[in-house]
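This report concerns only the one structure given below.
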Amino acid sequence: MQLVDQQPFHASNVQTLTVLVQREVERRILTGELPAGERLSESALAADMGVSRGPVREAMRGLQQAGLVDIVANKGVVVRKIGYDEVVDLYDLRGSLFGFICETMARRRTDDQCEILKDKLEGMAAAIQADDKETYFRVNLEFHAAIVEFCGNSRARAVYEGIAKEMHLFRRRGLSLIENMEASMQEHEAIARAIIAGHPEAARKAGVRHLLNGRDRFLATLDPDSFASGSERRPAAAE
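Numbered by the working numbering, the letters in the sequence shown go through residues 905 to 1143 in order.
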């Protein structure tokens, strides 16, 4: 795909091109088009996107800072492969933060915000009925994003979004089964009920429980090749 037309670009365009390249490569990573462990060729990406290698090189540095790629000596840029222990750490951290976010929204919610949560629940229910995993995953993300936005804490939002972006490298697998989608949906309903009712502590507990259950659902789907060597450890049987 071409990010720009074929006209030469000037130095003043490099920053804009870097942002465009980074967003496109990030999209490919998060959608699985570029799987974990895949080596990224700067020259191939530059040719594919119709830019020089400079913006691509800068974009790779940005993706490294975002935790989506590793820059490895004598190998180049590789889509990051998450270690097992890191998966557990990310879920635990995200769970604690999401609990705080749900609690905060329950204190600050508005009627309009509550209606948006209800709409997202309806969208997820329809996706389950149709066994539409892609739509469920998308609306699931929208449900979480709405709660994060509506909590009104910009610092919590920034940290949460950074963690969530790293987790996109692996977490789609945990929603790949219909029974997992149904369990996730029930947890979403519990979160929404507590928020809409204005029960902060119940909302916090429901938010934490949802993320920890999501962790367990994901771990039950893993295989030995899912994680980076060196951090790989097989989990006990799912409870």
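Don't be surprised by glycine CBs; every beta carbon is placed ideally from N, CA and C.
Note that the structure is a prediction, hence the values are computed from the model and not measured.
Since G980 is in the beta strand (DSSP E), which residue starts that stretch and which ends it? Residues G980 to V983.
Specify whether the segment 980-994 and the segment 1005-1025 touch according to this definition: at least 3 beta carbon pairs, one from each stretch, less than 8 Å apart. Short answer: they don't touch.
Taking V973 as part of the beta strand (DSSP E), name the residues at either end of that continuous run. V973 to V976
Tell me the DSSP secondary structure of R1042 in three-state form. Residue state for R1042 is assigned as helix, using DSSP reduced to three classes.
Residue from F1122, R1012, T1039 and T1014 whose Cα sits closest to the Cα of K1024: The shortest C-alpha separation from K1024 is found at T1039.
Between which two residues does the alpha helix (DSSP H) harbouring S1000 extend? Y988 to R1012
Run the CB neighbour count on T922, radius 10 Å, all protein chains shown included, and call it buried at 16 or more, exposed below. When all chains shown are included, T922 counts as buried.
Compare the Cα-Cα distances from E1026 to each of A1096, L967, I986 and K1069 and report the closest residue. A1096
For L944, write down the residues that DSSP places opposite it in a beta bridge. V981
I need the boundaries of the alpha helix (DSSP H) containing A970, first residue and last residue. Careful: A970 lies outside any alpha helix (DSSP H) and carries neither H nor E.
Within 8 Å, strictly: CB atoms of E946 and R932: no
Is the segment 979-987 in contact with the segment 935-942, if contact means three or more CB pairs nearer than 8 Å? A contact exists between the segment 979-987 and the segment 935-942.
State buried or exposed for A1142, treating a residue as buried only when at least 16 other CB atoms are found within 10 Å of its CB. A caution first: A1142 carries a pLDDT of 27, below 50, which makes its placement in the model unreliable, though a value can still be read off. Exposed: under 16 other Cβ atoms inside 10 Å.
For a test of the three-state rule: what should DSSP assign to L938, helix, strand or coil? coil
Within 10 angstroms of its Cβ, does N1044 collect 16 or more other Cβ (buried), or is it exposed? buried
Looking at R998: is its Cβ nearer than 8 Å to the Cβ of L1115? yes
Sorted by chain position, which residues of the same chain lie with C-beta nearer than 6 Å to A1110's C-beta, five sequence neighbours on each side aside? Excluding positions up to five away in sequence, the list reads A1094, I1095 and A1098.
Run of the alpha helix (DSSP H) containing D1021, from where it starts to where it stops: Checking the sequence shown, residue 1021 turns out to be Leu, not Asp. Residues D1015 to Q1033.
Using 8 Å as the threshold, is the C-beta distance between L949 and V973 below it? no
Once you ignore the five residues that flank R1061 on each side, which residues in its own chain have a CB closer than 6 Å to its CB? V1052
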